[in-house]
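These notes are about the structure you will find just below.
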Amino acid sequence: EGSNSNRPLSQPTQDTDAQDTDAQHTDAQHTDAQDNDAQNPDAQDTDTQDTDAQDTNTQGPVTQDTDTQDTDAQDTDTQDPDAQDTDAQDTDAQDTDAQDTDAQDTDAQDTGAQDTDAQDTGAQDTGALDTDALDTDAQVTDAQDTDVQDTDAQYTDAQDPITQDADAQDADAQDADAQDTDSQETDAQDSVTEDSNYSEFPPIDWGKSIINLGTDVNVMAEGPNRRENSTSSTGIGTDPNSTVTEFLTQYDDCQLFLLTNFFRVRLEQAIEEVVNGISLLLTNAEHFSGKEHGKVTAPEEKGNRSKLLLNLVMEKGSRARRTMWEIFVEKRQSVPKLDKILKEIQESGFDSEMYMKRDVSEIPSHLKDVQQKHKETLRAQTEKLTVNTILIKEKVKIFQLVDRYAELTIISTVRDRTLVEHELLARGRDHEEWRKKDLRNELEKIRTDQLFQSSFSQTKSKSGNSAAVSGVPGIGKTTMVQKIVYDWATGKIYPHFQFVFNLKFRDLNKVNCRINLRNLILFFYPYFGNVLGELWKNPEGLLFIFDGLDEFKDRIDFADNRRNTEPQSMCTDPEWWCEVSDIVYSLIQHKLLPGCSVLVTSRPTELHLLEKAEINIRAEILGFVGDERKEYFNKFFEDQTVAAAVFKHVEENEILYTMCYNPSYCWILGLSLGPFFTQRDRKQQQVPKTITQLYSYYIYNILKNHGREIENPRDVLLKLGEMAFTGVSEKKIVFGDGDLIKSNLQPSQFLSGFLMELLERDDSAQSVVYTFPHLTIQEFAAALAQFLTPHPGGIRKLLSEAYSKKDGRFEIFLRFVAGLSSPQSAQPLEKLLGRFDHETTCWVIDWVKEKVEGQTGNTNEVGKRNLLIALHYLFESQNKTLAQKAVGSMETLTFQELRLTPIDCEVLSQTIELCETTKYLHLHKCYIQCEGLQRLGPILHKCEGLRLSYNNLGDAGMEVLSAALWKPDCKIQKLDLSENALTASCAKDLAAALSANRSLTALELSRNNLGDSGVKLLSVALRNPDCKIHRLCLSDNTLTDSCAQDLSSALSANWTLKDLDLGWNKLGDSGVKVLSEALRNPECKIRKLELYENDLSDSGAKDLASALRTKRLVHLNLQENSFTDQSIPALRDLIMTCWTMELIKLGNNQFSPDGKNQLTSLQGLRRRLRVMV
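For the sequence shown, our numbering begins at 5 and goes up steadily by one.
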């Protein structure tokens, strides 16, 4: 009964044990998710076909599990109700007590009684664990079905208001067999499009609003998995079509042992959140004792449970291992990581060589000396970590790598995204989204010692292994490589590699001639002398590391087949002379020294070059997640009081906090913000708020500490900024002496303080190159130069040309330019550099105003994105007058279906705060979640219309909105909260806010999970005489007849409610009969009533007709119910006597053709009357 796809018609009789949220029984058979039991006429579901052999949950004297039918091996209980044999139980449920492994509800005595929650606390059994879903937080004694109540791991984009199963449910992943909203009659169920009182919000096409995010559409259609002609030791059935299951049965005990060992690290990650359920099943199968189960599931072992379980299973032996894997197969659809592992097994088959741990080969005695020297050299090169500390007198501080190295989160996949925006912020936005997701459930972490010869390899190769690790600038790729090399040199990781060669692409750029691999190695490691030939004989013992593919001067396109055909590009011999790019290409593709391993690091922008490369593992560095940010600042500052103060400021500023996923940003923040919290004479309000202000203080502190080293810092910064701008324009980050000379600069102490010097090897002498500490510092220097130039006339042309580039290279540069027009950003630098050019500042302000105004009213995707970018410029400028002029005429801000981050929400909040004219804010399907809503919190009450549908705000988000509704100056009139994962838990806060609020007239709450208990609380607010609600939409909220009495009393007391939508619920005839009493009340003002798809029959039609005749009803929607021709007299009487009726919808009922004609013919009664059948 999921809200995320249109539900098929159903009869009152449902199978509460085996309900598929998107597949209900029609005529007592699975319509959308038919399992093998429901497709064989000889093997029908016992709950629906054999009245003498009903499930204990209904009426039958025989206790059978509806999930335990088998088309080929039917239970004797299902064939002959008079010849029941407990020994003849279905192979999928071999419990003589016939326990229902899904969840027994002894209170559901009527086959027509629906248990919408699929859980009755009065009928729970410790052995009745749902094998379809496992939840760490589901109490064992409660045996809760996590397919209907997993509240700890919900999909952020899609929560089924009826069944919140985090692992098997996505609002955007609909049942392939379920009816799609696009296939329904356009007038059927769109309560918004028909709402004339809600016209400020564009109509919602519910069908088109639901997009596919990649969940397998077959998941929901499969129903409970079963194994055919096979019995597992747990009594768990499996899908007979599952190739994985068939494959597992082919493994002997030895092979299964190897398989478990090989995937052990990943299995520990995959099952950590579902260990309780797996342990219980192993206990039921008598592999674990009760004491052992208690030890594995002990609360104090959280985080270590999966390791304990796997250890215990391995100790128990082969039977326990096989049972465990059978459970894994059962759970694959509800545990994504398990599903991924099983798919890999299915695709790759069993390869004993791959799964067996390789022995470390002994290095020949004559190579031991050179290996020892090589390790000593690498250790010396990598044991120290150099940190630039340009804000203090020491230019550089040296730390021990092991003391300073901060572990980063690395995931064993690369997330797809086209980086049109500035790559740092694009990944920052992406990271902000992923940071809030449950990393344990969705992403596989990988350690640096698992990049080779581990189960994480996505492709299996006998000719060697290649790994690619990506990450945005400053995320820690080079430091990670340094740690890998150090750990190998000190014997901590990769003992099977006899030699590791670490090569940086920026070093390889200096090789300007053809070269062979032998000379390339000797160039960097000359002590190998004549022994390299010996190394080539055992390529399996070699690891080549290439760091910084994005910095390589030559393009290596692995999709270019000419490298395989043109002799000059082919490199299959270490002695072969060719270009450096050919050597790198051939090593990665295993054409040169097949069997060796290669590690490549790169920025995301260059990953497309590796798409066709033979890469076994593609990983991405996410950076700091959660408390890792705080830990960085604790290490950065010796004074923990300062560390806490700086982190608190960063945490409270969403823009700064988001930047902190990147270690380089953390470094800049630490250097820039530290002084504000260590000098008592600084005022708190001076702390930087925007990124421009932050970088201004960063440069200010450099000048303050090193300004005496240069005679004219303004001139030097101007020239440096001009060079930086050239680099931004050409996407260049490394500069040589030639670049400095072109910019009329000479190396100096000041420059060495501002730029990082990198020693670079050369054949004859050491040469020096320069790079900014971070790309954003280069971009800031480029922006700053525009305000220092004595010839500012070209600024407008420069801005226009930079804005016209759509590849994102100038996005941050332009934000800095806009920000430097602000006095708050300019003043610190003007103290040391002199006044900024006034003409430039005026031009920039005019340009920002022009960009904002130019996107006003542009509602296409590009226009909305451009407007958001322009608002970022406005935010950086912190210019209230400019904001009022630029946005003053914009009463409506629309960003629907444009994914917004918390940073974007902060910018919107500041914009609305400054201009104070925005009345309507449309953020439908912007995925802002509760965190984004919190950023908007200060301005929500100022808007008259808020469309926040499809944002997964959750109950926590309702707290933010309730606070806005409580404010005495609240202006909110229309509030759309459709599809936001709201539950009964938030209803109390909402009801209290509605009772106090005097402005709200329209409230959309469709596609949530308020349930009967939530609506009962809301009814209290509706009875309040001060409640001003005119329209209330509660469609698709799992409502039943249990809440009808409360709704009825609210309708009788409320004099303002005119439009009520209760569609897509289960009120039934009994519920509508209770509502009809209120509708008869002359004080009831309802003019538009939606009751589509509510399990109504002819009896309900008679009650409605009786209650609504002669009323002022204008619109009635009764589609998708079960009315037959028997209800036609009552409906005809209703249409004829209710003279105000303009539209009645009766489509998708069970009328005969003649009945439809009778109803349609009534349209002639009145000019404006429409009868839709």
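The C-beta atom is built at its ideal place from N, Cα and C for all residues, glycine as well.
Pairing T921 with E895 gives a Cβ-Cβ distance under 8 Å.
Non-local C-beta neighbours of N1069 in its own chain, meaning closer than 6 Å and more than five positions away in sequence, comprise L1043, N1098, ordered along the chain. In the structure shown, I695 adopts helical secondary structure according to DSSP, grouped into three states.
With 16 or more other Cβ atoms from the protein chains shown falling within 10 Å of its own Cβ, T386 counts as buried.
With a contact defined as Cβ atoms closer than 8 Å, I1139 and I1132 miss out at about 10 Å.
Approximately 22 Å separates the beta-carbon atoms of D1065 and S989; this is outside 8 Å, ruling out the contact. Here C1037 carries a strand assignment [DSSP, helix/strand/coil]. No Cβ-Cβ contact shorter than 8 Å links N506 with N620. In terms of Cα proximity to G812, the closest of P794, V317, K735, G740 is K735. With a cut-off of 8 Å on Cβ pairs, the region 487-497 is not in contact with the region 786-796, counting fewer than three such pairs. Ranked by Cα distance from M1176, the options D850, E348, N1152, R1170 are led by N1152. For F550, the secondary structure class from DSSP, reduced to helix, strand or coil, is strand. Under the three-state reduction of DSSP, T264 is assigned to helix. Counting only the Cα atoms, L455 lies some 60 Å from L1051. Within the model, the alpha-carbon separation for E783 versus F503 is close to 40 Å.
If only complete runs of 3 or more residues are kept, the region 1001-1046 shows the beta strand (DSSP E) at 1006-1008, 1035-1037, in order along the chain. Its Cα nearest to that of T1060, the residue I1090 stands out among I1090, K889, L897, G545. Under the DSSP definition of a beta bridge, S606 partners with S474. S601 sits in a strand when the DSSP states are folded into three classes. Per the coordinates, the alpha-carbon of K1020 lies some 39 Å from the alpha-carbon of Q1162.
In this structure, the beta-carbon distance from L981 to L952 falls below 8 Å. Here P906 is buried. Its C-beta has 16 or more other C-beta atoms within 10 Å.
Residues of the same chain with a CB within less than 8 Å of the CB of A649, apart from the 5 flanking positions on each side, are F681 in chain order. Counting C-beta pairs with one atom in each stretch, the region 863-871 and the region 723-743 have fewer than three that are closer than 8 Å, which means they do not touch. Following the DSSP letters along the chain, one finds L788 inside the alpha helix (DSSP H) bounded by residues 779-792. For L837 and I706, the gap between their C-alpha atoms comes out near 12 Å. By the Cβ-count criterion, I781 is buried, with 16 or more other Cβ atoms from all chains shown falling within 10 Å of its own Cβ. Checking the DSSP bridge columns, you'll see C582 partnered with I519. Separation of N1121 and N883 (C-alpha to C-alpha, rounded to the nearest whole angstrom) is 51 Å.
Secondary structure note for M1176: its beta strand (DSSP E) is the uninterrupted segment 1174-1176. Rounded to whole angstroms, the gap between the alpha carbons of L721 and Y704 is 12 Å. In the three-state DSSP reduction, F528 falls in the helix class (H, G or I).
Sorting L878, L346, H1034, D1040 by C-alpha distance to the C-alpha of L918 places L878 at the top. Around the CB of H594, 16 or more other CB atoms lie within 10 Å, so the residue is classed as buried. A contact is defined here as three or more CB-CB pairs under 8 Å, and the region 633-647 fails this definition with respect to the region 479-488. Per DSSP, the beta-bridge partners of T898 are H926.
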